[in-house]
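*Asks:*
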Amino acid sequence: MNTSDGLEFINRDSELSYLENCLTQVRDEPTLVILRSPSGFGKSALTEYLSKLDSFSNRSFCTVDPSIRGRVGSTAIHNGFFLQKIAENLDLATKDAKTKWPSFKQFLKTSKARSVARKKPSDILSKAPSLKHIYDVIYDYTARAFSFGEYTPIKLIASDKSEAVAICTDYIDHVFSNYSTILIVREVHHIDLHSLRAILLWCDRYPGPDFIMEYTSEDNRFEPEHSKLIHRFGGQRKHIDVLDLVQLEKEHLEHLIHCNVKENFTLTSDFYLSWDGNLRSIIELKFQVGLARVITPDSEIGEALTNLNGIVSKHLKILNSSEKMVLAVVLAHGEAVNHSTVSITIRRINPRIRQAEIDKALTQLEETHNFLYQFRRIISIRNDTIANSLRDAPFMHGVLALAERALRDHYLDTLQNQTYEASSLSEAVRQYFRLCAKTKDALGLVKGIEHLVKHIKLAQDQSIYVDVVTSAIESQPELFREEHDELIEWAAEIAYDTGDWGRALKLIELKRRQDAFSQLVMACSLQETGCHDKALEILESTRQDANSIEVSLAADLVEALIIGCFGEHDKARQMLENITTDSRYRLSGLIGYAYRFYEIVEDLKDGLPKLMVSIDWFDRFGLIKSKAYSQLAASVFLARSGKINEARSLISEANTILAEEIRDQHIILNNSSAVELLSENPDFQDCCDKLTYALRLARDDFSELTILCNLGITHYGLGELELAFDCAEKCKKILEDHEFADTDIYWPVCFNLSVIYKALGNNEKLRWSLQFPIKNGRPRTDDSGYWDFRMRGMPTLPTSHMYLGTIPWHPVYLSHWLVDMEGLRLLKIEQRR
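The sequence shown runs 454 to 1286 under the numbering used here.
1) For Leu1111 versus Asn1163, is the C-beta distance shorter than 8 Å?
2) Could you tell me which residues DSSP puts in a beta bridge with Asn791?
3) Tell me which same chain residues have a C-beta within less than 6 Å of the C-beta of Leu1219, skipping the five on either side of it?
4) Based on the DSSP output, what are the partners of Tyr826 in its beta bridges?
5) When you compare the stretch 1092–1107 with the stretch 1267–1279, are there three or more beta-carbon pairs, one atom per stretch, that lie closer than 8 Å?
6) Using a threshold of 8 Å, state whether the C-beta atoms of Ser842 and Val765 are closer than that.
7) Quickly, what does DSSP pair Met666 with across the bridge? List them, please.
8) Of the residues Ser612, Gly1246, Phe1050 and Val782, which one's Cα is nearest the Cα of Met849?
9) Mapping DSSP to helix, strand and coil, what is Thr516?
10) With 16 other CB atoms within 10 Å as the buried threshold, where does Ala757 fall?
11) Based on Cα-Cα distance, which residue from Thr838, Ile1016, Gly983 and Leu973 lies nearest to Arg996?
12) If you follow the alpha helix (DSSP H) that Leu407 is in, where does it begin and where does it stop?
13) Under three-state DSSP, which class holds Lys614?
14) What are the uninterrupted segments assigned as alpha helix (DSSP H) that are 4 or more residues long and contained completely in the stretch 1017–1064, given in chain order?
15) Leaving out five residues before and five after Leu636 in sequence, what residues of the same chain have Cβ atoms less than 6 Å from its Cβ?
16) Considering only the alpha carbon of each residue, which of Cys621, Glu640, Gly1045 and Ile831 lies closest to Ile487?
17) Would you check if there are 3 or more beta carbon pairs closer than 8 Å linking the stretch 766–785 to the stretch 528–544?
18) Starting from the Cα of Asp645, find the closest Cα among Ser490, Tyr624, Ile1104 and Glu676 and give me that residue.
19) Going by alpha carbons, who is nearest to Glu880 out of Arg844, Gln537, Thr1145 and Ser1237?
20) Go ahead and label Ile1282 buried or exposed: buried means 16 or more other beta carbons lie within 10 angstroms of its beta carbon, across all protein chains shown.
21) When DSSP labels each residue in this structure, what does Leu896 get in the three-state scheme?
22) Taking the beta carbon of Asp1069 as the centre, do at least 16 other beta carbons fall within 10 Å, making it buried, or is it exposed?
23) Can you find the residues in the same chain that come closer than 7 Å, C-beta to C-beta, to Leu649, ignoring five residues on each side of it along the sequence?
24) Tell me whether Leu940 sits in a helix, a strand or coil according to DSSP, three-state version.
25) Would you kindly check if the distance between the Cβ of Ala540 and the Cβ of Ile625 is under 8 Å?
26) Quick check on Leu696: does DSSP put it in helix, strand or coil?
27) Report buried or exposed for Ile591, applying the criterion of at least 16 other Cβ atoms within 10 angstroms of its Cβ.
28) The alpha helix (DSSP H) spanning Asp1273 covers which residue range?
29) Look at Arg1149 and Leu654 and say whether their C-beta atoms are less than 8 Å apart.
30) What separation, rounded to the nearest whole angstrom, lies between the Cα atoms of Arg674 and Pro483?
31) Quick one: measure Cβ to Cβ for Thr798 and His863, integer angstroms, because I've assumed they're closer than 8 Å.
32) Consult DSSP for Val1265 and reduce its assignment to one of helix, strand or coil.
33) Take the Cβ of Leu1040 as the centre, count every other Cβ of all protein chains shown within 10 Å, and call the residue buried at 16 or more, exposed below.
34) Starting from the Cα of Leu772, find the closest Cα among Arg805, Glu753 and Leu818 and give me that residue.
35) For Thr500, which residues in the same chain have their Cβ closer than 6 Å to its Cβ, ignoring the five residues on either side in sequence?
36) With 16 other CB atoms within 10 Å as the buried threshold, where does Thr634 fall?
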């Protein structure tokens, strides 16, 4: 059988047999195979051939190609992008008679009540009750129920809004939990971490589907962040394997050349040894033969084997101007692009061109030259090799620049006129930002920030906009001289708000005019990345230069936080007491953080009253988001005291306030589950659903450890001991290799692990869990009597912990141990008066 590239499928029998065995064995959990190799080794040909085997005639295959080609620099994808592509392809697969699951549209209709439920009645009261607002809310409800507007399937798949990603994820979850399929995901080296984490969790959770991932790597290694996730979430699985493909053997390469290019060619050892294994060399030569070009001297084939970009560039030169323009527009778009956008953009460049000429060029590029492919009027560059050759070809630079400017102007018109066609507002915003950066349009970028900030706030992954702005400024700092600091500060605040501490630090250091606000952002970011000594140095310098009480207060707060996380609780407590009793600070909203930070150094009895003061303080000064974060922490303290209803009330109020804060949904989900697990009759299944989703949203080791620990308790409560053990083992991996400084978390996590290991009768791991905090952590000065009771088996329990001591586990919670950007902005306002 030939593959879609037209080459005979050869020399992959052992790999094919291995994959077939993996997918046909009877087992309780799905297979996950990662095919890894350099570009062009035949990963896609192998999976394409596999799907045609008779042994899979009764099984459904779904192939996902994200159509990202030659991705560079500012061509960013958002978190959840791959999940939306999976949803799109599961929907397309329903046209196959073998497929049993519903289409995306059918799913949206049958689950409309669930979708509408995402909007709470309190939303109507969250703004001034104007007629316009009530109309907007009613429209939003109707759109959800009947799937139009921003809630049509095609717009949900294209949108980078958090809710769109969540709805697509619900659809995938429905399919995977009820139906069996074999999912092939291509270009996984481009995958966002949110999507990768979700896939790995699905592999843990369901007996199907089976996953095959195609991962391109020139050195047969995973990207570090991918490697960490795969190791952490896949390390305990029996049915996971990484299959590294090797390049074709000499005789097989020679056979392909004989069949496709030149019958009398003799492959010398020098030619073979200089070949990099990329089969696209043969494909390119085959298409040149198809264009009636005679490949004469053997050296031409040798050159193709050693310089693939060179022969693709030669091929490009024979294209006519219309064909080059079409290629340039598709390449400039980065992602796959719809037919109408290509046509509109080309007519912007050349108003005289006819649609028939554009369509002819598209057909030629797809069928004759093999540079593009189209599916349902969506167009993409065929592979990375062609995309990279196009970027490198000098004669394409001018036309590519024209295409980028024309696409930018098209998306500007789209945004101004609100004509989003089949695509979404999200795609238009994303592309407009990226193309402003590419075309060095400083004014367009600034205007985009001013007018589109509301949309960006709702994005699943705001960091892609930070990437665009940062890359633009770093590449052309002089171009942005007028707006330099304003843009840098805007991007740094988004990075800080989304927890991207390294990026926030890097950005704020680029500012030309450093001030107290900048220094405190630096110190807080350094503290979050573990660079505590450097943070303390900056704080001391900031204090010496401080020209206001607020700046001195903020510096003291961050220092107390750092010292507390180091375990110097007495010193940190004294600093907090000095802050909260200083009469100079009575009129500062920042004092609310001091009362919140007491939770680091105080036990349950003394920590809860301080948190309640923090809530009242933030409310008094209008720091509503900061109030909500204190409520999320206080709710767990209340639940530990047995005040479950009060705890639930605080969670509910915080949830309403933070409904649009994409970054911290995992905190809400985790803490609400922790409260439920402390109730007399926990709803374990509800907790399991929440925590499983929260795990997809976690972006740091501490959050991941906390959520996994609670998820392990939940599985234990459900009697799912194997799944509880799996969570415990993942926690163990994090404990042995993590990036956070606070070792107090060792005690509750290891206690919960001991509960699971004891239930399983695993005495060796039980001993490990009880000894780990003692050997690797530090003694708990807060709640020490409680931990003596829990971990050392002491008979007495402090009266303040009587309720908590009756619960067989100890749910852990997440909190904001930092000065929120909402508070730091107070300093910016003051110093610029």
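Here a beta-carbon is modelled for each residue, glycine too, at the ideal position from N, C-alpha and C.
*Replies:* Short version:
1) No, the Cβ-Cβ distance between Leu1111 and Asn1163 is not below 8 Å.
2) Beta-bridge pairing by DSSP links Asn791 to Ile831.
3) Excluding its 5 nearest sequence neighbours in each direction, Leu1219 has C-beta neighbours in its own chain below 6 Å: Ser1207, Tyr1210 and Lys1211, listed in chain order.
4) According to DSSP, Tyr826 bridges with Ser833.
5) Remark: fewer than three beta-carbon pairs, one from each stretch, lie closer than 8 Å, so the stretch 1092–1107 and the stretch 1267–1279 are not flagged as touching.
6) The criterion of a C-beta distance shorter than 8 Å is satisfied by Ser842 and Val765.
7) BP columns for Met666 point to Ile487 and Val638.
8) Taking only the C-alpha atoms, the option nearest Met849 is Val782.
9) Residue state, collapsed to three classes: strand.
10) Classification of Ala757: buried, given that the 10 Å Cβ count is 16 or more.
11) Checking every option, the nearest Cα to that of Arg996 belongs to Leu973.
12) Lying outside 454 to 1286, the shown extent of the chain, residue 407 is not represented and no answer is given.
13) Three-state result, Lys614: strand.
14) The stretch 1017–1064 contains these whole alpha helix (DSSP H) runs: 1022–1034 and 1044–1054.
15) Cys515, Pro662 and Phe664.
16) For Ile487, the nearest C-alpha among the options comes from Glu640.
17) As far as the Cβ criterion goes, the stretch 766–785 does not touch the stretch 528–544, which means the pair count is below three.
18) Taking only the C-alpha atoms, the option nearest Asp645 is Glu676.
19) Taking only the C-alpha atoms, the option nearest Glu880 is Gln537.
20) Ile1282 should be labelled exposed.
21) Residue state, collapsed to three classes: helix.
22) Exposed, since its Cβ has fewer than 16 Cβ neighbours within 10 Å.
23) Same-chain partners within the cutoff: His679 and Leu682.
24) In the displayed model, Leu940 falls within a helix according to three-state DSSP.
25) Ala540 is positioned such that its CB atom lies closer than 8 Å to that of Ile625.
26) Three-state DSSP puts Leu696 in a strand.
27) Confidence is the limiting factor: at Ile591 the pLDDT is only 36, short of 50, which leaves the residue's position unreliable and the question unanswerable from this model.
28) No alpha helix (DSSP H) contains Asp1273, which DSSP labels as neither H nor E.
29) Using a Cβ distance threshold of 8 Å, Arg1149 and Leu654 count as a contacting pair.
30) In this model, Arg674 and Pro483 are separated by some 23 Å (Cα to Cα).
31) With a Cβ gap of about 5 Å, Thr798 and His863 count as contacting.
32) Residue state for Val1265 is assigned as coil, using DSSP reduced to three classes.
33) In summary, Leu1040 is exposed, with fewer than 16 beta-carbon neighbours lying within 10 Å of its beta-carbon over all protein chains present.
34) The shortest C-alpha separation from Leu772 is found at Leu818.
35) Correct list, in chain order: Ile637 and Ile665.
36) With 16 or more neighbouring CB atoms inside 10 Å of its own CB, Thr634 falls in the buried class.
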